[in-house]
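Residue numbers (my numbering): 1 to 587.
Where a beta carbon is used, it is the ideal one built from N, C-alpha and C, also for glycine.
It should be emphasised that the depicted structure is a prediction, and the values quoted were computed from it without experimental measurement.
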Amino acid sequence: MKTTVDESLFDRERPLSLFVRYYRYDVHLFVLDMICALLIAAIDLTFPMVTRYALSNYLPEKKYEAFFLVIGAMAAAFVLRGLMQFVVTYWGHLMGANIEMRMRYDLFSHIQKLSFPFFDRTRTGSLMSRILPELFDITELAHHGPEELLISVVSLIGATVALFMINVKLGLILALSAPLLIVIAILLRKKLSDASRRLKESTAEINSEIESCISGVRLSMAFGNEERQTEKFQNKSWLYRVAKGRYYRTMAVFHSSMESVLSVLSVFAIAAGGFWIMKDELSIVDLVAFTLYVSVFAAPIRRIAFFTEIYQSGMAGFLRFIEIMKVKPDIVNRDNAIAMDRVAGEITFTGVSFSYSREESADMILSDINLVIPAGKTTAVVGPSGGGKTTLCHLIPRFYETRSGSIKIDGTDIRDIEIASLRKNIGIVQQDVYLFAESIMENIRFGNPDADDEAILEASRKAEMHDYIMSLPDGYQTVVGERGVTLSGGQKQRISLARVFLKNPPILILDEATSALDTVTENKIKSSIERLAKGRTSVIIAHRLSTIQMADQIVYLSEKGIEEIGSHDDLMNLQGPYWRLQKMQSE
Ligand code: ADP
Ligand code: MG
């Protein structure tokens with residue numbers, strides 16, 4: 001998975017040069033965009049000049065033909081300008097969208113390389129909001145940024161030069177007022193963009209409020225809290241309305257001030273021009289050209305204000321993008337890591353300690369664990385919840401790194417094994433199953449993307465899921481999730497089992513994989529689990545002890561560490577914690 005811009009560059013380069021790198025594959029669009037932008041600015045600048053020339057040279061001499069020829073040429077130029085406008089709007093935005101797409105792609109490739117600890121620290125929601133809307137602001141910057149800047153600078157300089165050529169005094173007035181106008185415009189824009197940011201924040205807030213109210217509707221019905229919820233909702237809704245009101249006020253101030261300042265400028269130019277005409281220092285024709293330039297002049301001032309705004313929001317988005325791109329995966333392949341083929345599956349823990357926190361003083365979740373999980377046998381892990389069973393299992397595929405000690409598979413330290421090949425050898429069924437919003441067929445295929453449909457049906461038969469799936473109107477093509485059917489917890493777990501059947505790994509980890517099943521169904525798939533476990537190294541975590549009595553070895557794990565190891569009969573004879581747990585469950 002290679003990214004558009006090499007990940008190592010994110011540490012070394014400045015944001016702006018990273019940003020420029022994203023144009024790499026769109027240089028042609030960029031050049032096209034810039035040329036068209038330049039032509040647009042050039043046509044805008046020539047119009048008053050040509051008008052002035054035609055008015056002062058052809059009209060008095062009654063060269064009507066030449067006059068209308070020039071005016072006709074100008075009309076044609078404006079049609080051309082329209083075409084350029086189309087190119088800039090369409091291909092320019094397309095370039096922005098391409099750049100956005102590449103960034104989104106880089107972000108996702110990068111996120112996939114990050115490890116479990118990163119996802120513990122970062123909320124999925126905040127990642128989503130980074131992948132989507134903020135990158136949109138970047139698109140706008142990528143496209144409008146260089147273009148706006150070019151058009152504004154060219155037309156400002158061009159208009160100023162032309163104004164000076166027409167009349168030095170009038171030119172001076174405008175040249176001096178330009179910086180002032182730009183400052184005013186930027187300040188007003190800044191107010192507007194602050195207001196727009198606040199509005200966005202409160203939109204996000206009200207949206208999550210709406211979502212939580214609607215998702216909780218059944219709960220409010222159950223507790224009879226509908227009225228309270230409605231009131232709470234109305235409050236939020238009012239606050240949102242207040243935020244909108246503030247935004248519109250700022251917007252009104254912005255537009256009315258901008259427009260009046262610019263109109264006053266035109267009027268002022270006419271007044272000054274009129275004054276000089278009366279003193280015979282300026283001709284009417286020059287005044288016409290002059291007023292035309294004043295309007296050319298006003299456009300870049302608006303544009304520069306707009307540019308500062310998209311620059312701010314686009315760069316803010318880009319900086320947050322860089323921030324994620326800079327996060328280093330906690331768990332990476334060693335340089336000389338070896339790719340393992342199918343392992344036999346003996347797992348040994350030697351003096352393994354682990355804590356989720358990176359702090360030295362943090363309490364260990366697991367400390368000094370020594371355990372041999374024999375190849376091809378079933379090892380059950382039981383104990384109180386919070387005892388560290390899931391944690392222990394997550395260390396085997398290297399979702400997390402041990403603090404000290406080592407875990408070996410077939411005698412090889414897992415840190416010396418290529419991560420992908422390590423994980424290929426391990427199949428996990430977790431307590432909460434994640435299903436993609438796709439068909440059941442594709443969800444099962446996730447276990448082995450190369451599998452054909454027949455293998456998928458076979459796996460789903462083994463997981464005792466086939467009959468149910470066939471009873472659905474669309475069978476295996478049924479889409480699950482939000483817009484599809486809702487599966488029960490037990491059905492999800494069976495899909496997850498089918499995935500593992502399909503993956504067919506030598507090492508199997510079932511983390512309370514049957515906890516969502518009722519006893520009847522559990523008994524039904526008990527045999528399919530036994531079939532799945534046969535000939536594999538299986539680690540089975542179970543709440544209900546009835547499911548693990550047949551295990552070759554049972555490990556009792558609690559906060560104190562491994563308290564007991566042995567077969568069911570051994571541990572029953574010991575009358576220790578396992579026996580007590582057993583007694584409690586049978587009562
Ligand atoms: P079990 O599976 O035996 O119920 P776990 O391994 O899930 O226990 O949890 C062991 C301890 O580790 C618990 O105290 C739990 O709060 C903590 N823990 C589990 N997952 C995380 C995590 N991702 N980040 C921080 N602490 C965690
Ligand atoms: Mg657990």
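Runs of the alpha helix (DSSP H) spanning 4 or more residues and lying entirely within the segment 449–500 occur at 453–462, 466–471, in chain order.
Closest by C-alpha distance to ILE173, out of ARG14, ILE407, THR291, ILE324, is THR291. Distance check between TYR90 and each of GLU438, THR51, HIS143 places HIS143 closest, using alpha-carbon atoms only.
ALA178 places its beta carbon 9 Å or farther from that of TYR293. Here DSSP, grouped into helix, strand and coil, assigns ASN443 to helix.
If you look at GLN585, you'll find it in the alpha helix (DSSP H) that goes 577–586. In this structure, ALA380 keeps its C-beta atom at 9 Å or more from the C-beta atom of ALA513.
Three or more Cβ pairs drawn from the segment 496–504 and the segment 444–455 lie within less than 8 Å of each other, which places the two stretches in contact.
Membership of TYR311 in any beta strand (DSSP E) is not indicated; the residue belongs instead to the alpha helix (DSSP H) covering 284–326. Exposed is the label assigned to GLY386, since fewer than 16 other Cβ atoms lie within 10 Å of its Cβ.
Using a cutoff of 8 Å, the CB of ILE541 counts as near ligand 1, since one of the ligand's heavy atoms is closer than that. Remark: C-beta atoms of ILE540 and ILE509 approach each other more closely than 9 Å. Restricting attention to ASN207, ALA97, GLY481, GLY158, the CA atom closest to the CA of GLU134 is found in ALA97.
With a threshold of 8 Å, the Cβ atom of LYS389 counts as near ligand 1, since some heavy atom of the ligand is closer than that. Here DSSP, grouped into helix, strand and coil, assigns TYR53 to helix. With a threshold of 16 other beta carbon atoms within 10 Å, PRO473 falls short and is exposed.
For ASP368, there is no enclosing alpha helix (DSSP H); the residue is found in the beta strand (DSSP E) stretching over 366–373. ILE43 places its beta carbon 9 Å or farther from that of ARG14. Following the DSSP letters along the chain, one finds GLY224 in no beta strand (DSSP E), marked with neither H nor E. Counting C-beta pairs with one atom in each stretch, the segment 263–278 and the segment 226–246 have fewer than three that are closer than 8 Å, which means they do not touch.
Under the Cβ criterion (8 Å, minimum of three pairs), the segment 49–58 counts as touching the segment 66–78. Within its own chain, the residues whose Cβ lies closer than 6 Å to the Cβ of ILE428, once the five positions on either side in sequence are excluded, are ILE509, listed in chain order. At a Cβ-Cβ threshold of 9 Å, GLY535 and ASN425 do not count as neighbours. Ranking GLY317, ALA73, SER404, ASP106 by CA distance to the CA of PHE354 puts SER404 first. GLY561 sits in a strand when the DSSP states are folded into three classes. In chain order, VAL381, VAL382, GLY383, GLY387, GLY388, LYS389, LEU392, GLU563 place their CB closer than 8 Å to the CB of LEU557, counting only its own chain and leaving out the 5 sequence neighbours on each side. ALA437 carries a coil assignment under DSSP once its states are collapsed to helix, strand and coil.
DSSP, read as helix, strand or coil, puts ILE331 in coil. Between LEU141 and PHE30, the C-beta spacing is not below 9 Å.
As DSSP reads the structure, LEU510 sits in a beta bridge with VAL429, ILE540. About 7 Å separates the CB atoms of ASP368 and GLY561; that is less than 8 Å, so the two are in contact. The closest heavy atom of ligand 1 lies less than 8 Å from the beta carbon of ASP120.
For a cut-off of 8 Å, the C-beta gap from ASP106 to MET325 is around 7 Å, short enough to register as a contact.
Judged by the Cβ position, GLY386 qualifies as a neighbour of ligand 1 at the 8 Å threshold, a heavy atom of the ligand being closer than this. Separation of the CB atoms of TYR400 and PRO117 is rounded to 7 Å, and the pair is thereby assigned contact status at 8 Å. When distances are taken from the beta-carbon of TYR356 to the heavy atoms of ligand 1, the shortest one is below 8 Å.
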